[in-house]
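Numbering (my numbering), first residue to last: 2 to 981. C-beta atoms are modelled at their ideal positions from N, C-alpha and C, and glycine is treated no differently. Just so it is clear, the structure is predicted and the values come from calculations on it, not from any experiment.
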């Protein structure tokens with residue numbers, strides 16, 4: 002019986018009831034050590050009845066091994082692995098070290114976890130419990146939290162227990178229940194039930210020291226009776242966790258020496274594997290015959306999988322931490338000897354490192370290989386820890402520098418920005434000192450490393466960063482593709498130092514970028530590119546392509562300066578990045594307005610053709626954004642769609658948010674608000690999950706624009722606030738330009754013209770006017786200024802827009818220029834411009850802008866007392882606005898139509914008030930997205946893979962959507978949601 006935990010047990014019982022009914026639920030139990038989290042998990046397991054149960058536990062000593070905790074948790078569910086979609090199956094097999102060739106994309110691993118849990122639940126439900134979650138390795142935590150956020154209709158009850166003050170279990174957005182101390186009556190009942198502290202004086206002392214902690218109430222009386230700790234601890238001078246550890250260790254100290262040795266080996270081994278335990282114990286001269294005294298004392302037990310388990314997680318920590326140093330080192334040496342060097346090299350390396358008493362190059366090399374394997378499995382935090390430990394154990398100074406750099410790059414990939422910056426600075430300092438002393442060049446020590454792979458861009462990297470500028474994942478063994486030999490009298494030592502400084506600057510630049518200091522990030526990227534330019538121009542080009550992104554947030558001058566540096570590089574003819582660099586220089590470089598703009602499609606094709614098609618899609622991502630800046634919206638959209646599909650298939654989810662933002666921009670420009678909403682919503686979910694704050698800002702601002710078009714003031718303001726909250730004192734938020742445009746468009750549509758002009762004017766300054774959204778907002782600025790009688794406020798922006806439109810060569814851009822001129826022209830000239838604008842608009846593209854031109858022309862005709870002519874244009878505009886759900890603009894068109902003398906029937910409002918099919922049916926955003934994909938013919942499994950859900954959840958949402966739409970099968974969806 003659990004005393005004083007009625008609320009907590011009721012919450013767990015509700016989760017279990019939901020699982021049996023096919024509803025999923027998640028709960029994180031938090032509290033101090035011994036507060037009763039494990040007991041509550043045991044209650045849940047006991048109450049599960051016939052539900053299958055998966056159990057896992059985080060262990061402090063395995064926190065450096067990626068996916069170790071997840072593998073132990075899912076070992077009973079792996080029978081469903083073959084049923085997973087191929088990308089998920091390959092990612093999970095790679096994560097668990099079962100498939101050497103595949104990449105372990107973290108989000109695909111998380112989706113595989115979701116699918117496995119769903120399949121294992123079947124039709125009856127599943128309970129999954131994870132104790133000591135604070136000690137889970139980072140990769141396991143990310144995968145489990147990713148899956149937990151997407152649980153819905155699978156019938157899975159997932160419960161985590163995490164201890165305060167130690168380790169880390171960040172689970173934002175998951176429901177939490179914090180356990181407090183027991184009330185005095187519950188504490189007394191627990192003491193009475195267990196028969197502890199019977200004397201009144203002793204009972205009062207235990208109650209005072211335990212402070213409502215259940216484990217302390219049970220263990221402190223035993224420790225006092227045995228005299229297990231001294232006066233200071235008894236008086237409460239030590240923290241409660243320390244006293245509990247002393248109490249546990251006091252129980253161990255009375256056991257026979259052989260039993261204590263066996264327990265120490267078990268405490269140092271995370272697996273509980275009986276074969277490993279027996280082999281390691283044998284090295285120290287003990288065996289299973291020494292186990293019974295510990296079992297009889299209730300300290301350990303053997304579970305149903307024949308693994309040795311400690312009664313409480315603190316027991317393991319107490320035995321290991323309070324053992325004599327020589328004994329602890331001997332236990333780790335024995336475990337290293339027991340580990341199979343072929344099947345289990347990583348455990349062996351870490352045990353060797355734990356047993357090391359000083360620098361040891363052989364152990365450092367083994368740890369570096371372990372780090373490389375962790376990095377290949379996307380265990381970047383674990384890789385960083387292994388690289389750092391390898392650096393501390395290094396006897397080779399050059400190898401130490403290389404390992405520090407790798408630690409910095411891995412920490413950056415894991416989002417551990419402070420550690421990444423510190424390691425990078427330490428590596429640069431050590432490399433400069435080594436060069437000054439005439440030591441061996443960094444990166445030439447002969448240590449083995451993994452082969453390099455292409456880097457992600459600043460915009461793409463999840464959480465914190467990416468690999469080095471050459472995609473560096475493991476040193477400088479041999480020349481990399483596209484690398485040129487040192488020239489111009491620069492020796493190997495200087496060239497190697499430049500490589501170190503370049504990589505270090507890259508890491509530090511990314512750290513500044515992700516913390517919002519774009520100016521500092523830009524300077525570091527330029528510095529890194531300068532260091533790499535002579536030795537590795539391809540690496541320098543990639544850094545400058547990324548510096549283009551930071552420059553975009555700083556202003557025209559920074560963009561131009563970056564393009565000058567990029568143009569000066571001599572790149573190999575067959576380097577894929579050359580086509581990208583040439584495109585950027587022609588598009589954005591000084592004097593770019595003089596010639597024809599480069600073509601996005603041609604640049605992408607050239608990059609793909611380089612080196613026989615061996616182009617990494619990450620080299621193409623920037624083409625989408627700059628293509629939009631040139632007005633090549635259709636080509637940029639087509640490229641974004643292709644890149645998104647490639648990213649889903651290959652596992653490149655880290656860059657998917659970038660691609661989805663560019664795709665959403667193109668859809669917004671084309672007036673396809675429903676599609677833009679679905680695209681941006683998906684990107685926002687992924688960016689929140691992966692900690693990509695920049696894209697949270699950008700995608701929130703894109704969604705704010707959709708809300709502005711629809712006239713949803715509350716949603717628009719909420720999304721704008723989220724977009725702007727990541728700004729700092731030195732730089733604006735990444736989504737600020739789109740946010741300002743969204744605010745201005747909302748106010749313009751609602752007739753609050755002065756407010757609209759104020760917001761739109763924020764986009765005319767030199768630090769922001771080069772942004773895509775700033776340029777595209779100029780027609781709105783012109784309309785607001787004209788309506789307020791201050792057309793001159795838009796003179797300079799309009800001149801820039803006219804020049805930009807002329808260079809773009811796009812008919813829709815010419816239409817917008819003509820519309821702006823019509824608004825500013827005298828009556829005698831205005832009609833010709835309106836007519837030109839309507840002629841240039843494409844009939845089935847950019848329907849929002851076309852309808853706005855119809856509306857403005859109709860208003861002009863009405864004011865000219867040509868009411869009958871006005872009605873046709875106003876009716877056309879009203880029909881488009883209503884179909885698109887653009888309520889403010891529909892209201893304005895309806896008002897103008899009434900003023901023209903036309904009868905505005907209520908049938909239009911009765912038909913839905915301009916709302917889309919999804920809105921009229923009352924579909925949720927997720928239901929809307931799912932039914933649209935189903936209407937295209939995708940299966941539940943295909944939809945689940947695309948939206949990062951389980952197939953069971955997809956089916957659940959379709960089941961709820963059908964009656965809202967008045968259909969009974971997916972075959973009836975296509976007419977409701979026709980494809981463009």
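Sequence-distant partners of residue 521 (beyond 5 residues in either direction) whose C-beta falls short of 6 Å from its own C-beta, in its chain, are 513. Boundaries of the alpha helix (DSSP H) around residue 834: 828-841. Taking a contact as a CB-CB distance under 8 Å, the pair residue 638 and residue 667 counts as one, their CB atoms being some 4 Å apart.
Note on residue 523: 16 or more other CB atoms within 10 angstroms of its CB, so buried under the neighbour-count rule.
In the structure shown, residue 168 falls within a coil segment according to DSSP collapsed to helix, strand and coil.
Distance from residue 820 to residue 854 at the Cβ level is roughly 5 Å; contact confirmed, criterion being Cβ atoms closer than 8 Å. Residue pairing of residue 177 in beta bridges, as defined by DSSP: 29. Residue pairing by DSSP places residue 58 opposite 132 in a beta bridge. Taking every protein chain shown into account, the CB of residue 551 has 16 or more other CB atoms within 10 angstroms, so this residue is buried. Taking C-beta separations shorter than 8 Å and ignoring five residues to either side along the sequence, the partners of residue 32 in its chain run 38, 164, 165, 179, 180 and 181, following chain order.
Counting only the Cα atoms, residue 554 lies some 28 Å from residue 429.
Just so you know, the alpha carbons of residue 796 and residue 737 end up roughly 23 Å apart. Annotation: the continuous alpha helix (DSSP H) that includes residue 882 extends over 868-885. Proximity of the region 373-384 to the region 59-68 meets the contact definition, three or more beta-carbon pairs being nearer than 8 Å. In this structure, 207 is the residue among 207, 312 and 176 with its C-alpha nearest to the C-alpha of residue 191. DSSP, reduced to helix, strand and coil, places residue 287 outside both helices and strands of the structure shown, so it counts as coil. Every alpha helix (DSSP H) of 4 residues or more that sits fully in the region 638-722 is shown, in chain order, as 657-670, 674-691 and 694-711.
Residues of the same chain with a CB within less than 7 Å of the CB of residue 811, apart from the 5 flanking positions on each side, are 632 in chain order.
A residue is called buried once 16 or more other Cβ atoms fall within 10 Å of its Cβ, and residue 50, having fewer, is exposed. Straight across, the Cα-Cα distance linking residue 694 with residue 685 is about 10 Å. With a threshold of 16 other beta carbon atoms within 10 Å, residue 216 meets it and is buried. A buried status is given to residue 628, since no fewer than 16 other beta-carbon atoms sit within 10 Å of its beta-carbon.
In the three-state DSSP reduction, residue 566 falls in the helix class (H, G or I). A residue is called buried once 16 or more other Cβ atoms fall within 10 Å of its Cβ, and residue 250 is buried on that count.
DSSP, reduced to helix, strand and coil, places residue 895 within a helical segment of the structure shown. Three or more pairs of CB atoms, one per stretch, sit closer than 8 Å, so the region 947-960 contacts the region 147-163. Contact annotation: residue 46 and residue 175 have beta-carbon atoms that are not nearer than 8 Å. Rounded to whole angstroms, residue 505 and residue 85 show a C-alpha spacing of 40 Å.
Counting along the chain, residue 302 sits inside the beta strand (DSSP E) bounded by residues 301-303. In this structure, DSSP gives residue 310 an extended state, which the three-state scheme calls strand. In this structure, residue 11 keeps its C-beta atom at 8 Å or more from the C-beta atom of residue 158. Scanning its chain for C-beta atoms nearer than 6 Å, with the 5 sequence neighbours on each side dropped, one finds around residue 875 the residues 859, 894, 897 and 898, in chain order.
Bounds of the alpha helix (DSSP H) holding residue 538 are 538-553. Counting only residues of its own chain and dropping the five nearest sequence neighbours on each side, residue 741 has a CB closer than 6 Å to the CB of 760, 763 and 764.
DSSP places residue 352 in the uninterrupted alpha helix (DSSP H) bounded by 346-356. Nearest Cα to residue 788 within the set 815, 836 and 861: 861.
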